[in-house]
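Numbering (this note's numbering), first residue to last: 495 to 727. Where is the CB? At the ideal position from N, CA and C, for every residue including glycine.
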């Protein structure tokens, strides 16, 4: 009986050691992936990487990972300034040798789900005006904007529909309302043209398509999905 107890304790200790080793391996792998992504996409800060599933060591040896979450803040985009990106990779195929070397050229994911979130500042940069985004419903934003003419500031509210347009986001002005003074026709026409335009998103990797656009308070988020998505290049 005493021998069985000793064996039981040893088994528990071995399992604990295995978990610790696996967790250390996970931390190293997550750090390596984050470094590669930060360098590849010229990010201002290191992205957060979470590798799911246990044990990760066997996933690494097999060259296929069940699920990986990557979140990155302030990803530079020329037309928008910067955006926040959240990506879930399922069935990531990456050989152990490529993972160790930090090579992503041949990496592919069975399924990829991404969210690109554009803040007030990002939308404002794209439109060329200061913007505050409010949510009317999931596909309609109320934008608080203003323009200055002859030293007079004209605050306005604009209701804008958002929709998928290829791999970008289309805006369509449905209502423009002055808050204090009447809006001159030429300003109304100019604002209407600006707010019935397109938000150009970062170029998507092959096999990835924008499937939805969601309005939130202070943001507009584009959702992209794909199957058998190549990650190299």
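Alpha-carbon to alpha-carbon, residue j and residue i
i: residue 586; j: residue 571; result: 25 Å
i: residue 672; j: residue 679; result: 12 Å
i: residue 611; j: residue 662; result: 13 Å
i: residue 715; j: residue 708; result: 5 Å
i: residue 682; j: residue 539; result: 40 Å
i: residue 548; j: residue 584; result: 14 Å
i: residue 516; j: residue 579; result: With a pLDDT of 48 at residue 516, under the threshold of 50, the predicted position of this residue should be treated as unreliable, and no value is reported.
i: residue 589; j: residue 660; result: 33 Å
i: residue 544; j: residue 555; result: 18 Å
i: residue 695; j: residue 550; result: 33 Å
i: residue 684; j: residue 621; result: 12 Å
i: residue 720; j: residue 644; result: 50 Å
i: residue 697; j: residue 704; result: 11 Å
i: residue 693; j: residue 701; result: 20 Å
Close Cβ partners of residue i (< 6 Å) along its chain, the five nearest in sequence each way excluded
i: residue 608; result: 581, 718
i: residue 490; result: Summary: the structure shown does not reach residue 490, with the chain confined to residues 495 through 727, and so no result is reported for it.
i: residue 561; result: 546, 584
i: residue 623; result: 639
i: residue 564; result: 541, 543, 581
i: residue 618; result: 624, 625
i: residue 677; result: none
Residue i versus the options, residue with shortest Cα-Cα distance
i: residue 625; options: 604, 720, 713, 548; result: 713
i: residue 558; options: 541, 631, 592; result: 592
i: residue 674; options: 705, 657, 642; result: 642
i: residue 613; options: 569, 704, 721; result: 569
i: residue 656; options: 629, 676, 645; result: 629
i: residue 658; options: 706, 723, 677; result: 706
Own chain partners of residue i with C-beta closer than 7 Å, once the 5 adjacent residues on each side are dropped
i: residue 725; result: 598, 601, 602, 603, 699
i: residue 616; result: 574, 575, 576, 577
i: residue 567; result: 539, 578
i: residue 632; result: 708, 709
i: residue 722; result: 602, 604, 701
In DSSP terms, what residue i is bridged to
i: residue 612; result: 714
i: residue 648; result: 641
i: residue 719; result: 607, 703
i: residue 570; result: 576
i: residue 625; result: According to DSSP, which records beta bridges pairwise, residue 625 is partnered with nothing at all.
i: residue 583; result: 562, 606
Own chain partners of residue i with C-beta closer than 8 Å, once the 5 adjacent residues on each side are dropped
i: residue 711; result: 627, 628, 629
Is there contact between the stretch 653-667 and the stretch 686-695, where contact requires at least three CB pairs shorter than 8 Å?
Yes, they touch.
Does the structure place the stretch 648-657 close enough to the stretch 626-636 that three or more beta carbon pairs sit under 8 Å?
As far as the Cβ criterion goes, the stretch 626-636 touches the stretch 648-657, which means the pair count is three or higher.
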